[in-house]
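**Q**
Residue numbers (my numbering): 115 to 454.
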C-alpha cells in the first residue's frame, strides 16, 4: 500500500495540518458505545484490515511532517522531550530493533534493514536516511538508540522497566504528550503516574491492568485506545509549554468548535522486549477535528452522547472543561434523537 504523504503541513503557528478522507476513515475511533468510562480495553495486537491496525506500528500521510515537527521540538528544548536513565541502554537497543524490523517488514517500499552480525544497514527512504552502525555500540549512531529510531517514528514512546512487582518509567521520547512533564515522570512507578487519574482505583482497574501487563510475554503484544480533546492540531501540548497553548482553550465557541476542537486519539500497542524484559508503551496520536468526525454521522452522533454525558471528573482530568459545552452544542446537530 503506497501512501500519499503531506510533508510540509504544520502543527503550530499557522496550523496547515489537514486529514484526507482516507485518513479520517482509517482512524481508530475510540468509542464503541454511547457512553464512556475508563476500562482496560486491551486486546491482542494482531493485524486487522487496512486501517490503523494493519501494521505493528502504523504510519500514515502525516509521517514526514510529524517527524519534522518532532525534530523542531527536540532541537528547541534539548533535554526536555527525550530522557533516559543510564541503565536503560539495553532496552533502547531492544526498541530500536523492534521498530526497524517492524517498519521494514510492514512498509518495505519505504524502509529496509540489512544485518551481518552486529553490522546493521538501515535505510529510511522517506526521510532520506541511509546509515551503517554497529548494533550495541551507541558511538556508531548520531543519537542514543531510542532517540535515533524514534526521531523516525510517529507517536511518543515510553520504556517501562519491571522491578519490585510493578513498572517504572525508565526512558521516553514525548513531543506529542497531552499535558504532562516527561522529565517529572521519569522514575515514577505505575501507581504514582496513574495516581491523578480519577476513578481508576475505585473501580479496581489500575491493579487489574498492572497484573495483566506483568504477565505480558515477548511476541504477544496487546493494544488499547485512549483519547482526549485538544484545541488546534497541535502535537506538543506538554506541561512545560502550557503558556503557549492553554489560552487557545478560551476562544472555542459553539460556532467555531467544528474547526478548532480536535479529538486526540491514542493508539497504544504494548510490547514486552526480549533482552531487557522492559515494556514499551507507544502512544500513537491521531488528530481528528469535529468537522472531520462529522463526515461520519454515526461517529458524530456517538461522540455527542459521550461528551454530553461524560463524568465531570473525567472532563476535568482530560482538560476540556472550558469548551466541553461548546463542543457538545456543535455536535448536537448530528444527534436529533431526544435524550432518554
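C-beta atoms are modelled at their ideal positions from N, C-alpha and C, and glycine is treated no differently.
1. Report yes if the C-beta distance between residue 273 and residue 205 is below 8 Å; otherwise report no.
2. Let me check one thing: in DSSP terms, what residues is residue 270 bridge-paired to?
3. Can you tell me the Cα-Cα spacing of residue 143 and residue 387, whole angstroms?
4. Count the other CB atoms within 10 Å of the CB of residue 333; is the residue buried (16 or more) or exposed (fewer)?
5. Residue 343: which of 212, 381, 305, 432 sits nearest, CA to CA?
6. Alpha carbon to alpha carbon, how far is residue 435 from residue 429?
7. Counting along the chain, where does the beta strand (DSSP E) carrying residue 385 start and finish?
8. Using the Cα positions of residue 247 and residue 173, report the straight-line distance between them to the nearest angstrom.
9. Counting pairs of beta carbons, one from the region 365-377 and one from the region 186-206, are three or more of them closer than 8 Å?
10. Quick one: grab the DSSP three-state call for residue 171.
11. Please name the residue in 131, 406, 349, 260 whose C-alpha comes closest to that of residue 395.
12. Classify residue 426 as helix, strand or coil using the three-state DSSP reduction.
13. Output the distance between the C-alpha atoms of residue 241 and residue 401, rounded to the nearest integer angstrom.
14. CA-CA distance, residue 118 and residue 149?
15. Does the region 248-258 come into contact with the region 226-237, if we say contact requires no fewer than three beta-carbon pairs (one atom in each stretch) closer than 8 Å?
16. Three or more beta-carbon pairs under 8 Å between the region 404-415 and the region 282-296, yes or no?
17. Please return the same chain residues whose Cβ sits closer than 6 Å to the Cβ of residue 224, not counting the five positions on each side in sequence.
18. What number of angstroms, rounded off, separates the C-alpha of residue 211 from the C-alpha of residue 127?
19. When you compare only the Cα positions, how much space is there between residue 203 and residue 449?
20. Does residue 158 come out as helix, strand or coil in the three-state DSSP assignment?
21. Would DSSP call residue 307 helix, strand or coil?
22. Taking just the CA atoms, how far does residue 146 sit from residue 327?
23. Whose CA, out of 423, 367, 354, lies closest to the CA of residue 191?
24. Alpha carbons only, please: which of 299, 352, 207 is nearest the one belonging to residue 257?
25. Suppose you measure from the CA of residue 226 to the CA of residue 178; what does that come to, to the nearest Å?
26. Please report the straight-line C-alpha distance between residue 162 and residue 319, rounded to a whole angstrom.
27. Mind listing, in chain order, the continuous alpha helix (DSSP H) runs of no fewer than 4 residues lying wholly within the region 179-228?
28. Would you kindly check if the distance between the Cβ of residue 346 and the Cβ of residue 152 is under 8 Å?
29. Please classify residue 201 as buried or exposed, where buried requires at least 16 other C-beta atoms within 10 Å of its C-beta.
30. Excluding the 5 residues flanking residue 418 on each side, which residues of the same chain have their C-beta closer than 7 Å to its C-beta?
31. Helix, strand or coil: which one does DSSP assign to residue 298?
32. Give the single residue among 276, 358, 421 whose Cα lies nearest to the Cα of residue 390.
33. Cβ of residue 379 within 8 Å of Cβ of residue 339?
34. I need the straight-line Cα distance from residue 170 to residue 312, nearest angstrom please.
**A** According to the structure shown:
1. yes
2. 397
3. Distance between the alpha carbons of residue 143 and residue 387: 28 Å.
4. exposed
5. The shortest C-alpha separation from residue 343 is found at 432.
6. Near 6 Å, if we compare the C-alpha coordinates of residue 429 and residue 435.
7. Note, residue 385: beta strand (DSSP E), 375-386.
8. 24 Å
9. Counting Cβ pairs under 8 Å, fewer than three are found: no touch.
10. coil
11. 260
12. In the three-state reduction of the DSSP assignment, residue 426 falls in the helix class.
13. Residue 241 and residue 401: Cα-Cα distance of roughly 22 Å.
14. When rounded, the separation of the alpha-carbon atoms in residue 118 and residue 149 is 35 Å.
15. yes
16. no
17. 239, 240
18. If you draw a straight line from the Cα of residue 211 to the Cα of residue 127, it comes to about 35 Å.
19. 51 Å
20. strand
21. helix
22. 23 Å
23. 354
24. 207
25. 17 Å
26. 27 Å
27. 203-220
28. Contact: no.
29. exposed
30. Once the five neighbours on either side are set aside, the close Cβ partners of residue 418 are 442, 445, 446, 448, 449.
31. helix
32. 276
33. yes
34. Near 30 Å, if we compare the C-alpha coordinates of residue 312 and residue 170.
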